[in-house]
Each structure stands twice: as structure tokens, then as C-alpha cells.
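Numbering (my numbering), first residue to last: 2 to 315.
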């Protein structure tokens, strides 16, 4: 019997798919949070596209390619040589984050902003003071786009702290710390490269509850365009409503109601000189007096009724 149970257990185990799990690379972000981060940075990519197109005066296309969680060491290892790294903070979040421009992206920007045609220069020397000033302005304005992209989740105040070209000098997280790496595929003219943002788990920890899809969608505010307002007003102006003028009311028994015949008179509750009630879609809105206009029965509005208030006569 023991042998049979053992064989069954081994057979059942062989049928299951076994996945290797690396405990050094703990997954700290849920798929729901990853999707929300993707939406945020898709908006960030659109804002960057608009900003760079204006500044560089050439064709620019930036797309959010992927959002993944890796260890901080893995991020540093994939940083290309001659990349330019902008270290920044974003209050009220505590800790530092990094925005990385690949060499192709960084140097084509330098060339365009300094009057060139957008060629990628094979630069071997360190950055000059002019280049540092130029890239400092680019990073700072890019962080304005970052602030706007995150405004649907939290109000941030990003601030550039330093510019670095050697990733080994970046010590903003522990080697095994989980970080979010957002990769933005960037095309400037005919040159293609990458912009990456590194967001450590410790920095995002306090905002993680707001990264659920339900919370993010609930806080989205759609700006109302002028043409939408005009279209709505036109539709409202052609909307048909039921208007009823009530001269008065009377209460009768069922027996009296069944005995009614032509020529009978019903006495109304209101006096002959009392204003009549005007109903719009079965809700009393106005007071009026009866009359004749162009040979037809009509009413003239004399007062306004506000819901929950006594009607005032004009």
C-alpha cells in the first residue's frame, strides 16, 4: 500500500508545472500596481513627447515600452556606458529616484540644443559646464512632466539633486532592493534610444495603496471641453418637457365619483382669484394666472417655486 501511495504522489507531482523562485528577487509589487504604474508613465511619455518636440524642434516620439520590477543591482548592470543619470527627489515621498538618458538620446539632445542637426557625437571627454547646464535644464523640465503625470495619484514636488555619469556612484538603494524600472523607447529624428526611470520600493511604499486600479480610476478627472459644453446646451434647448397648469384640486368619495354625470359641478379647493400651479414634468415650478393669448387659453407666470421652499408670487 505504501508503495502505491508513493507512486501516485510522484505521478501527481510530475503533472504539475514547477516554477523556479529566486528568493533574492522578491516581487514586492502586485500586477495591479504594475498596471497602474504603466498607465501613469504612458501619460508621462505623452507629456515628454510634447515637451521635447517643442524644445528640439524636430520629430520626437516617446512610448512607454515596459514597466518591470528588478533588483537595484540588475538596474545598475544594464545602464550603458556614457549614459547620463539625473538623481531626484519628489516630496512628500522620501528617498531618491533616477532618470536615465541613454547616450544616443543625451548626445542628440546636446547637438540639437547647441545648434546642430541632431547627430550623435562620439564624445570621450567629460561633460563641459555648458553641457551640464543644458542637461540640468532638460532634467528639470522633464520632472515637471513627471509631476503632472503623477498628479492623478499624489501631488509631488520633484527636485533634481545631482547629475551623474557613473552608475557605480549611485547608492540610493541596497543592492537587493526591489525597484521599478520604467523603460521609454525614444526616437528623436532618425536616432533611437531609451529613457529609463528607476523607482525604489522604499520610495513608493507610502503611496502603494493608491496604486490600485480602482483608486486610480476613481480619481481621474476628465477636463470638459468647450465644444462639449456647447453640444450639451444645444441638446438641452431642444429637450421636450410636459407642462401642466392645475386650476385647483378637489377630493371626492368613490361613490360620488361613480355617480358623476354631465352637468354636475365640482367645487375646487382653491379660490377663484388664487394663482394656479404650473408643473414641469410633474414637479411644481411656477405660480401663474389664467388668461387668453391670440385666441387660445394661456397662463402667465407670476411666481417661482424652489424645491423645498414656499412659492413666491412675483
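Beta carbons are placed, not taken as given, at the ideal position from N, Cα and C, and that holds for glycine. Keep in mind it's a predicted model, so treat the numbers as computed, not measured.
Check your understanding: Closest by CA to residue 173, which one among 268, 74 and 269?
Key -> Numbered from its first residue, the chain shown carries residue 173 at position 172. The candidate whose alpha carbon is nearest that of residue 173 is 74.
Query - Opposing strand residues paired with residue 186 [DSSP bridges] - result: The residue given as residue 186 occupies position 185 in the chain shown. For residue 186, which the question treats as bridged, DSSP gives the partners 64 and 195.
Ends of the beta strand (DSSP E) at residue 173?
In the chain shown, residue 173 corresponds to position 172, counting from 1. For residue 173, no beta strand (DSSP E) segment is defined, and its DSSP state is neither H nor E.
- Query: Taking just the CA atoms, how far does residue 251 sit from residue 270?
  - Reply: Position 269 of the chain shown, counting from 1, holds the residue named residue 270. Position 250 of the chain shown, counting from 1, holds the residue named residue 251. Approximately 6 Å between the Cα atoms of the pair.
Short of 7 Å in beta carbon distance, which residues of its chain neighbour residue 68, apart from the five on each side in sequence? Order them along the chain.
Indexing the chain shown from 1 puts residue 68 at position 67. Close CB contacts of residue 68 within its chain, under the 7 Å cut and outside five residues either way in sequence, are with 35, 38, 39, 42, 181 and 183 (chain order).
Checklist line | Limits of the unbroken alpha helix (DSSP H) element including residue 32 | finding: Residue mapping note: residue 32 aligns to position 31 of the chain shown, counting from 1. For residue 32, the uninterrupted alpha helix (DSSP H) run begins and ends at 32–57, by DSSP.
Backbone CA spacing between residue 46 and residue 278 [nearest angstrom] = Locating residue 46 in the chain shown gives position 45, where the first residue counts as 1. Locating residue 278 in the chain shown gives position 277, where the first residue counts as 1. Going by the C-alpha atoms only, they are around 59 Å apart.
Is residue 80 helix, strand or coil when you go by DSSP?
Taking the chain shown and counting its residues from 1, the one referred to as residue 80 is at position 79. If DSSP states are grouped into helix, strand and coil, residue 80 belongs with coil.
Checklist entry - How should residue 89 be labelled, buried or exposed, when 16 other C-beta atoms within 10 angstroms of its C-beta is the threshold for buried? => result Mapped onto the chain shown, residue 89 falls at position 88. Buried, by the Cβ-count rule.
When burial is assigned at 16 or more other CB atoms within 10 Å of the CB, is residue 272 buried or exposed?
-> On the chain shown, residue 272 is found 271 positions in, with the first residue counted as 1. Residue 272 is classed as exposed because its beta carbon has fewer than 16 other beta carbons within 10 Å across all chains shown.
When the Cα atoms are used, what is the spatial distance from residue 157 to residue 146? If you number the chain shown from 1, residue 157 lands on position 156. If you number the chain shown from 1, residue 146 lands on position 145. In this structure, the straight-line span from the alpha carbon of residue 157 to that of residue 146 is close to 11 Å.
For my contact list, residue 100 and residue 91 are in at a C-beta cut-off of 8 Å; report their separation, rounded to the angstrom.
Stepping through the chain shown from its first residue, residue 100 is reached at position 99. Stepping through the chain shown from its first residue, residue 91 is reached at position 90. Between the beta-carbon of residue 100 and that of residue 91 there is about 11 Å, and that puts the pair past the 8 Å contact cut.
- Item | For residue 80 and residue 201, believed in contact at Cβ under 8 Å, the rounded distance | Taking the first residue of the chain shown as position 1, residue 201 is located at position 200. Taking the first residue of the chain shown as position 1, residue 80 is located at position 79. A Cβ-Cβ separation of about 15 Å leaves residue 201 out of contact with residue 80 under the 8 Å criterion.
* Asked: How big is the Cα-Cα spacing for residue 259 and residue 253?
  -> Numbered from 1 along the chain shown, position 258 holds the residue referred to as residue 259. Numbered from 1 along the chain shown, position 252 holds the residue referred to as residue 253. Their Cα atoms are separated by approximately 10 Å.
query: From residue 130 to residue 143, what distance separates their C-alpha atoms?
result: One-based indexing of the chain shown puts residue 130 at position 129. One-based indexing of the chain shown puts residue 143 at position 142. One C-alpha to the other measures close to 20 Å.
Find the nearest neighbour of residue 63 within the set 102, 85 and 95, judged by alpha-carbon distance.
Counting from 1 along the chain shown, the entry for residue 63 is found at position 62. For the residues 102, 85 and 95, the minimum Cα distance to residue 63 belongs to 102.
query: With 16 as the cutoff for other CB atoms within 10 Å, does residue 82 come out buried or exposed?
result: Residue 82 sits at position 81 when you count from the first residue of the chain shown. An exposed status is given to residue 82, since fewer than 16 other beta-carbon atoms sit within 10 Å of its beta-carbon.
Query raised in the report: CB residue 281 to CB residue 247, shorter than 7 Å?
Result: Translated into the one-based positions of the chain shown, residue 281 becomes position 280. Translated into the one-based positions of the chain shown, residue 247 becomes position 246. Against a cut-off of 7 Å, the Cβ pair of residue 247 and residue 281 comes out as no contact.
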